[in-house]
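Q: Have a look at this one before I ask anything.
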Amino acid sequence: MLLKHTTKEIMERSALTVNPAKTCQPIGAMYAALGIHGCLPHSHGSQGCYAYHRSSLTRHYKEPVMAATSAFTEGSSVFGGQANLLQAIDNMFTVYKPDLIAVHTTCLSETIGDDIPQIVNKAVAEGKVPAGKYVIHANTPSYVGSHVTGFSNMTKAMVDYFAETGAKKNKTINIVPGYVEPSDMEEIRRICDAMGIPIIMFPDTSRVLNGPLTGRFHMYPAGGVTIPELRQTGQSMGTVALGNLASTAAAFALDAKCKVPYKLLDLPIGLHGTDMFIDILRNIAGVNVPDSLTFERGQMVDIISDMHQYFYGKKVGLVGDPDQLLALTKFLVSLDMCPIHIVTGTPAGKKFTAELREATKEVPCDVNIKVEGDMYLFHQLVKNDPVDLLIGNSYVKYIAKDEDIPFIRHGFPIFDRIGHSYLPTVGYRGGILFLEKILNALMDRQDRDATDINMELVM
Amino acid sequence: MTGLAETMKEKYGIPFIRVSYFGIEDMAKALYDVAGHFKEQPEIMEKARELVRSEVTRIYPELQKIKARVCGKRAAIYVGGAFKAFSLIKALRYLGMEVVLAGSQTGNEKDYEILRDMCNDGTIILDDANPLELSKYIIEKNADLFIGGVKERPIAYKMGIGFCDHNHERKTPLAGFEGMLNFAEEVCQTVTSPVWQFAPHRSP
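Just so you know, the sequences run in chain order G and X.
Its first residue numbered 0, the first sequence is counted upward by one per residue in numbering that gives the first Met the number 0.
Its first residue numbered 0, the second sequence is counted upward by one per residue in numbering that gives the first Met the number 0.
Structure below.
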């Protein structure tokens, strides 16, 4: 009972967060930056920040995560970090030879007020940035938003720094995949390939953070969106932005900068979410949906129909990131499940809360939605109204253990299981995998709790 | 079962009553018929009445809620014995559902006469049907629910309609008053499932 001090009684709290259901902006910015080929993310702050972000990403992906830091000392905390960043840029390009450096700020440098573009201009003027190499930046103060905001800011920076308006439009479609796993990005690309649509996906962490064992260490793995591709995003036919919180900023910026229209969709999780995604792609590109995708869709519907009695009426508690929560909630409702506790630590706004309300309006139970809640509150909600299944990141395992509730891991971070980097949640195939996870969790529990008489061989 | 009872009556003179324990109507009738047999012990009838009253009162509110959700849905029944089909028709009607197909594997001529009388005009009645026949008529009649045995389940699902399993390996009872409630809940759960909106022939 590691969380034995969590009380059932819920007290009003306004100024205290206990066990936050989010992490800080730079982690998301670092993750997004790793989705550019040949990029070295750089944390403009003290060493503690970067060490924590790197180790979180390393533990989540079980892959090498390369990044650098301005290594603020007491002096830089007082006088600003210009000298450190100039030195860092010089060192990085000399020693580690990235194609570009993606600088994100931290609480400390934001509070000091360091002006990153000014410092970078100075580095360029001093010849510290070799020809054909780039330094981009995003402001990511951690006291604003969450890791999702940081991801969004760095993705937008890719547009701000690289997108170019061209004389003619290309046949490509831009995909801003949102804060999803490398496996999801890979699956999104596979779907687009199957439809015969050339895409530019940014960021793209597939083949960066889910690579094979090859016997060699690569500082810059094979994957990631390239700088030429990022330039061409300005000439694409359109942009599909997946997930409002993580992707709208970049898509909007591209529209404003290069007149590339965008469509905003939920993450393509679940049947309906994937249908919408494929439908939009079909419309923008003017192609037909190939039989191979229709077949996969049919298989997914088949599994849901075969097992619908096991989903029916099961109560679920979810905690995680807004874009994921919205798509997952809609998916669960379409399975006849009852998501009754939905908590995110990210300040996602009233519109998001209203969308969740709308998504759960047919759920025949009281639904608790807390936007900017924490894990402590989530646990209290679960204590007051127990559920059949918990969905969340690894930290939820303590709640699952104490309350003895089946639990599936989804979101960030997942430190204690594998799979998320390699097996998608998006698309029809991802949907099938997610259905399997839900069913395994529920059925393992049914078997565990079955009496000798009620044990079922056939389920 | 009837064959066994007939033989026992013939050989040993043990009387028998044909009853069904499925559905409120038939379950109550079964209790009354048995109580009626013991004419010299009227307290048995008293107890039967009391039992039916308390059981029906107990499950009635829940059944009404379910009825509101499944009323007007169309059902197809294909079971082993015709006698079970009779009860199922009554139970489904109690829930406001319409039976558009009824059939059995082992019904005899007399059974089908009763079945014809029970069913509305236009109801398809099948004897010893095969999956192709069943699927043809289920689609034709636009059924929302299929009640059958283990091997029919995936057939129903492939067509995108709900299913209720009426086989002898079940562990959740469908017999008795409690069973009627279980039955209604299972029917409701499957016919109202959101998954069917994704089935091709249901799409507008």
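No residue lacks a Cβ here, since even glycine has one placed at the ideal position from N, Cα and C.
With a threshold of 8 angstroms between beta carbons, is Ala27 (chain X) in contact with chain G?
A: So no, Ala27 (chain X) is outside the interface.
Q: Alpha carbon to alpha carbon, what distance is there between Gly161 (chain X) and Thr189 (chain X)?
A: Each residue's Cα considered, the two are about 5 angstroms apart.
Q: Output yes or no for whether 8 angstroms exceeds the beta carbon distance between Thr352 (chain G) and Gly144 (chain G).
A: The answer is no: Cβ separation not under 8 angstroms.
Q: For Asp274 (chain G), name the three-state secondary structure that DSSP assigns.
A: Three-state DSSP puts Asp274 (chain G) in a helix.
Q: Quick check on the DSSP output: the beta strand (DSSP E) that includes Thr104 (chain G) runs from which residue to which?
A: Segment Leu99 to Thr104, the beta strand (DSSP E) holding Thr104 (chain G).
Q: Thinking C-beta only, is Ala27 (chain X) closer than 8 angstroms to Tyr20 (chain X)?
A: Taking 8 angstroms as the Cβ cut-off, Tyr20 (chain X) and Ala27 (chain X) do not qualify as a contacting pair.
Q: Return the CA-CA distance between Ile174 (chain G) and Pro227 (chain G), expressed in angstroms with no decimal places.
A: So the alpha carbons of these two residues sit roughly 15 angstroms apart.
Q: Output the residue ranges of the beta strand (DSSP E) runs that lie fully inside the region 29-98 of chain X and measure 3 residues or longer, sorted by chain position.
A: Counting whole runs of 3 or more residues, the region 29-98 of chain X contains the beta strand (DSSP E) stretches 73-78.
Q: Would you decide whether Gln117 (chain G) is buried or exposed? Buried here means 16 or more other CB atoms lie within 10 Å of its CB.
A: By the 10 Å Cβ count, Gln117 (chain G) comes out exposed.
Q: 8 angstroms is my cut-off, CB to CB: does Val286 (chain G) come that close to chain X?
A: Taking Cβ atoms only, chain X never reaches closer than 8 angstroms to Val286 (chain G), which makes this a no.
Q: Against Tyr194 (chain X), what residues of chain G qualify as contacts under a CB-to-CB distance less than 8 angstroms, listed in chain order?
A: The amino acid occupying residue 194 (chain X) in the given sequence is Val; Tyr does not appear at that position. Under the 8 angstroms cutoff, chain G gives Val300, Ile303, Ser304, His307, Ser333, Leu334 and Asp335.
Q: If distances are taken between C-alpha atoms only, which option among G:Tyr394, G:Lys127 and G:Val315 comes closest to Asp335 (chain G)?
A: With distances taken between Cα atoms, Asp335 (chain G) lies closest to G:Val315.
Q: Kindly list, in the order they appear in chain X, the residues whose Cβ is closer than 7 angstroms to that of Leu270 (chain G).
A: Simply Phe197.
Q: In or out: Asn282 (chain G) buried (at least 16 other Cβ within 10 Å) or exposed?
A: Exposed, because fewer than 16 other Cβ atoms sit within 10 Å of the Cβ of Asn282 (chain G).
Q: On the DSSP letters alone, give me the boundaries of the beta strand (DSSP E) that Val342 (chain G) sits inside.
A: That run of the beta strand (DSSP E) goes Cys337 to Thr343.
Q: Please list the partners that Gln188 (chain X) has in chain G, where partner means a Cβ-to-Cβ separation under 9 angstroms.
A: Correct list: His307, Gln308, Tyr311, Gly312 and Asp335.
Q: Residue range of the beta strand (DSSP E) that Gly391 (chain G) falls in?
A: Leu388 to Gly391 is the extent of the beta strand (DSSP E) around Gly391 (chain G).
Q: Looking at C-alpha atoms only, which residue of G:Ala87, G:Arg215, G:Thr232 and G:His52 is the closest neighbour of Phe251 (chain G)?
A: Of the listed residues, the one whose Cα sits closest to Phe251 (chain G) is G:Thr232.
Q: Give the residues from the region 138-154 of chain X that approach chain B closer than 9 angstroms (Cβ to any Cβ), ordered along the chain.
A: You won't find chain B in this structure, because its protein chains are G and X.
Q: Mapping the DSSP letters down to three states, classify Val147 (chain G) as helix, strand or coil.
A: Helix.
Q: Measure the C-alpha to C-alpha separation of Met374 (chain G) and Val17 (chain G) and round it to an integer number of angstroms.
A: Cα-Cα distance, rounded: 7 angstroms.
Q: Any C-beta of chain G sitting closer than 8 angstroms to the C-beta of Pro203 (chain X)?
A: The pLDDT assigned to Pro203 (chain X) is 42, lower than 50, so where the model puts this residue is not dependable; a value taken from the coordinates is nonetheless given after this. False, the Cβ-Cβ gap to chain G never drops below 8 angstroms.
Q: Whole angstroms are fine: how far does the CA of Trp195 (chain X) sit from the CA of Tyr309 (chain G)?
A: The alpha-carbon atoms of Tyr309 (chain G) and Trp195 (chain X) are separated by roughly 15 angstroms.
Q: Is any beta-carbon of chain G found at less than 8 angstroms from that of Lys72 (chain X)?
A: Not closer than 8 angstroms to any Cβ of chain G, the Cβ of Lys72 (chain X) fails to qualify, so no.
Q: Alpha carbon to alpha carbon, how far is His217 (chain G) from Ile35 (chain G)?
A: Roughly 15 angstroms separates the two Cα atoms.
Q: Going straight from the alpha carbon of Ala449 (chain G) to that of Arg169 (chain X), what length do you get?
A: Cα to Cα, the separation comes out at about 15 angstroms.
Q: Grouping DSSP H, G and I as helix and E and B as strand, with all else coil, what is Ser205 (chain G)?
A: In the structure shown, Ser205 (chain G) sits in coil (DSSP, three-state: anything other than H, G, I, E or B).
Q: Run down chain X in chain order and give the residues with a C-beta less than 9 angstroms from the C-beta of Asn453 (chain G).
A: The answer, in chain order, is Lys170.
Q: Going straight from the alpha carbon of Pro197 (chain G) to that of Asp290 (chain G), what length do you get?
A: Taking the straight line joining both Cα atoms gives about 18 angstroms.
Q: Between which two residues does the alpha helix (DSSP H) holding Ala326 (chain G) run?
A: Unbroken alpha helix (DSSP H) run through Ala326 (chain G): Pro321 to Ser333.
Q: Please name the residue, chosen from X:Glu177, X:Arg57, X:Asp110 and X:Ile16, that lies closest to Val33 (chain X) on a Cα-to-Cα basis.
A: If we check each option's Cα against that of Val33 (chain X), X:Ile16 comes out closest.
Q: Hey, quick one: how far does the alpha helix (DSSP H) through Val498 (chain G) stretch, first residue to last?
A: In the structure as shown, chain G begins at 0 and stops at 458. Residue 498 (chain G) is therefore absent and cannot be evaluated.
Q: Could you tell me how far apart the beta carbons of Pro412 (chain G) and Leu441 (chain G) are, in whole angstroms, since I believe they sit closer than 8 angstroms?
A: Contact doesn't hold; Cβ gap of about 24 angstroms is too wide.
Q: I need the straight-line Cα distance from Gly210 (chain G) to Ser304 (chain G), nearest angstrom please.
A: The alpha-carbon atoms of Gly210 (chain G) and Ser304 (chain G) are separated by roughly 35 angstroms.
Q: If I'm right that Ser42 (chain G) touches Ser69 (chain G) with Cβ under 8 angstroms, what's the distance once you round it to whole angstroms?
A: Confirmed, Cβ separation roughly 7 angstroms.
Q: What residues from chain G crowd round Gly121 (chain X), counting only those whose CB sits closer than 8 angstroms?
A: Near Gly121 (chain X) there are no residues of chain G at all, since even the closest Cβ is about 28 angstroms away, more than 8 angstroms.
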